[in-house]
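In terms of our numbering, the sequence shown opens at residue 209 and continues consecutively.
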Amino acid sequence: MKTKLALSCMLLAGYCAQAQTASSVSADVQIKMAILAAPSEKRDGAMVYGYGADGKFTVLRKGTNDMVCLADDPKQKGINVSCYHKDLEPFMARGRELKDAGKSSKESFDTRETEAKSGKLKMPQQPTSLYVYSGTDENFDATTGDVKDGFLRYVVYIPYATAESTGLPLKPDAPGMPWIMDPGTHRAHIMITPPKKQ
209 MKTKLALSCM LLAGYCAQAQ TASSVSADVQ IKMAILAAPS EKRDGAMVYG
259 YGADGKFTVL RKGTNDMVCL ADDPKQKGIN VSCYHKDLEP FMARGRELKD
309 AGKSSKESFD TRETEAKSGK LKMPQQPTSL YVYSGTDENF DATTGDVKDG
359 FLRYVVYIPY ATAESTGLPL KPDAPGMPWI MDPGTHRAHI MITPPKKQ
């Protein structure tokens, strides 16, 4: 009985700690970390999504430019924030909806591919950028928003582009070399992953 009670307390403590993490990271700190992914001249005017005191995904700050940023998910390990051009918002929002509905990555891809081809899902007509900034638990302070030794990678969405239409390879031959992923689909994009610092 004592063992079961102790185990229940441990599980409850873990749950409470997770809930506290979701509510204890202030909006200001979430914004500070989220905009680290954006180019410096875009940070002050970026719209930022994050998590409210109840842990629900919400708008933390309205934007004044063309950049949308996503704060770190407190339920995930490490830090992972991203910013993208506002024309990608329909694509990104639909992905969030499908994930919340319990769809797998493949189901989400297939659904958005069908919807993009039918015109139901609006995709950008021009190359459109996404920036992703990440780091480990040891690299950031959730109370201050300070991050050290973070890692930034870049993505440029060009729907339906191919290796032939861009001249890009299907995989990088050297660190930092641009390459094309998901060619010929609504999610075709150029990947640029700089070498990590040693």
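We put the CB at the ideal spot given by N, CA and C, even for glycine. Just so we're clear, the structure is a prediction, and the values are computed from it rather than from any experiment.
Burial state of residue i, where buried means 16 or more other Cβ atoms lie within 10 Å
| i | result |
| --- | --- |
| S337 | buried |
| L244 | buried |
| L278 | buried |
| P383 | exposed |
| M331 | buried |
| R304 | exposed |
| A309 | exposed |
| S231 | Below a pLDDT of 50, predicted positions are generally treated as unreliable, and S231, at 45, falls in that range; the measurement from the model is reported next regardless. S231 is exposed by the Cβ-count criterion. |
Sub-8 Å separation of residue i and residue j beta-carbons
| i | j | result |
| --- | --- | --- |
| G258 | Q238 | yes |
| M275 | K250 | yes |
| M255 | K240 | no |
| A350 | Y368 | no |
| E297 | L306 | no |
| D295 | I287 | no |
| C291 | A261 | no |
Cβ separation of residue i and residue j, assumed to be a contact under 8 Å, to the nearest whole Å
| i | j | result |
| --- | --- | --- |
| D357 | G343 | 6 Å |
| Y339 | Y362 | 6 Å |
| A242 | V289 | 5 Å |
| P386 | I400 | 5 Å |
| F359 | K404 | 6 Å |
Determine contact between the stretch 358-373 and the stretch 381-391, defined as no fewer than three beta-carbon pairs at a distance below 8 Å.
-> Verdict: yes, contact present.
4 or more residues per run - each alpha helix (DSSP H) lying fully within the stretch 263-312 = 297-308
Touch test, the stretch 320-330 against the stretch 257-272, Cβ-Cβ under 8 Å, three pairs minimum = no
Start-end ranges of the beta strand (DSSP E) lying completely within the stretch 323-400, minimum 3 residues = 336-343, 359-365, 387-389 and 397-400
Please list the segments of the alpha helix (DSSP H) lying wholly inside the stretch 235-267, counting only runs of 4 or more residues, in order along the chain.
-> 235-242
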